[in-house]
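S.K.: Here's a structure for you.
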Amino acid sequence: MKYKRGTLADYPILELKLLNILGEEFPRDLKLPVDIGYEGSIMLTSDDYEFFSIGELPREYWRTYSTLTGYVLMRVARALAVIGDMKLEVYVETPYFGFEKRLVGRELLNRFIVILDGPRKLICIARVLTINYLTLLKTYHDLLDLLLLLRV
Amino acid sequence: MYVVFANGEFIGAFKTLDEVRENLKSLRPKPTHAIVLKVGEDVKPRGVLEWWEGL
Chain A
13 MKYKRGTLAD
23 YPILELKLLN
33 ILGEEFPRDL
43 KLPVDIGYEG
53 SIMLTSDDYE
63 FFSIGELPRE
73 YWRTYSTLTG
83 YVLMRVARAL
93 AVIGDMKLEV
103 YVETPYFGFE
113 KRLVGRELLN
123 RFIVILDGPR
133 KLICIARVLT
143 INYLTLLKTY
153 HDLLDLLLLL
163 RV
Chain B
1292 MYVVFANGEF
1302 IGAFKTLDEV
1312 RENLKSLRPK
1322 PTHAIVLKVG
1332 EDVKPRGVLE
1342 WWEGL
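Protein chains in written order, with this note's numbering: chain A, 13 to 164; chain B, 1292 to 1346.
Written out as structure tokens, the structure reads:
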């Protein structure tokens, strides 16, 4: 995904689909700015959030965030996010006293490998190739044994 | 396990999100808001979280 244009510096965005817990797809395109300063998963505007309030968590599970201007209480709901070919259960949040902001934060970003390629202005989701280290280790020991045998 | 409340009533406890979906869809009047808690997985925040920028 391409970075989005900023005033001075462009910034990474994550494009995803969101579904509410009824399986209904959120009808608007979501290209959410990546904000590692935000500890939560996905912040939406209060209008957006209404679509997901069919899966809201009890009030005791809502979160309070410390910000530069004081504390902000957020409503929290469960949703499903589709990112590439991954489908994840996620939390979406919105400030209790409505403000208009969409962000993706660390709680979601920490669930996969995100590569920020600043010079090329690209954000990529990477995948780990599983390597069987035991097999590698065995091969290494076999090689050592062979070298000893050959007295190299 | 998911515990669900809607239309001012306890709807039930369900093993999967699919069951939650089916049950919520079958309700009349159709709810626009429901409380859904995944027991054991949803955790009450133990403190204040960070949002460096803020509103």
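Note that beta-carbon positions come from the ideal geometry of N, C-alpha and C, so glycine has one too.
1) May I ask you to list, following chain order, the residues of the stretch 23-43 of chain A that have a beta carbon less than 9 angstroms from some beta carbon of chain B?
2) Is the shortest distance between the beta-carbon of B/Ala1325 and the beta-carbons of chain C less than 8 angstroms?
3) By how many angstroms is the C-alpha of B/Lys1335 removed from the C-alpha of A/Asn122?
4) In whole angstroms, what separates the C-alpha of A/Tyr23 from that of A/Leu92?
5) I'd like the list of long-range same chain contacts for A/Asp47, defined as Cβ closer than 6 angstroms, with 5 residues on each side in sequence excluded.
6) Are the C-beta of A/Gly52 and some C-beta of chain B separated by less than 8 angstroms?
7) Could one say the Cβ of B/Glu1341 lies closer than 8 angstroms to chain A's Cβ atoms, at least one of them?
8) Listed from N- to C-terminal order along the chain, which residues in the stretch 71-89 of chain A have their beta-carbon within a distance smaller than 7 angstroms of any beta-carbon of chain B?
9) Starting from the C-beta of A/Asp129, find all residues in its chain whose C-beta is less than 8 angstroms away, skip the five residues before and the five after it, and write them out in chain order.
10) Tell me, to the nearest whole angstrom, how far the beta carbon of A/Val104 is from that of A/Leu30; I am working on the premise that it is less than 8 angstroms.
11) Is A/Ile25 a contact residue of the ligand NAP, with contact defined as CB to any heavy atom under 7 angstroms?
M.R.: With the structure as the only source:
1) Ile33, Leu34 and Gly35
2) Considering every chain present, this structure includes no chain C. Its protein chains are A and B.
3) Counting from 1 along the first sequence, the entry for residue 122 of chain A is found at position 110. Counting from 1 along the second sequence, the entry for residue 1335 of chain B is found at position 44. Roughly 19 angstroms between the two C-alpha positions.
4) Within the first sequence, numbered from 1, the residue matching residue 23 of chain A stands at position 11. Within the first sequence, numbered from 1, the residue matching residue 92 of chain A stands at position 80. In a straight line, the C-alpha of A/Tyr23 is about 25 angstroms away from that of A/Leu92.
5) Against the first sequence, residue 47 of chain A aligns to sequence position 35. If we look at A/Asp47 and ignore the five residues flanking it on each side, its Cβ neighbours are Leu115 and Gly117.
6) Numbered from its first residue, the first sequence carries residue 52 of chain A at position 40. So yes, A/Gly52 belongs to the interface.
7) Along the second sequence, read from residue 1 onward, the residue named residue 1341 of chain B stands at position 50. Closer than 8 angstroms to some Cβ of chain A, the Cβ of B/Glu1341 qualifies, so yes.
8) Glu72, Tyr73, Arg75, Thr76, Tyr77, Ser78, Thr79, Leu80, Thr81, Tyr83 and Val84
9) Here residue 129 of chain A refers to the residue found at position 117 of the first sequence. Same-chain partners within the cutoff: Ile135 and Cys136.
10) The sequence position of residue 104 of chain A within the first sequence is 92, counting from 1. The sequence position of residue 30 of chain A within the first sequence is 18, counting from 1. That belief holds up - the Cβ atoms of A/Val104 and A/Leu30 are roughly 7 angstroms apart, short of 8 angstroms.
11) Annotation note on the ligand NAP: not contained in the displayed structure, which lists no ligands.
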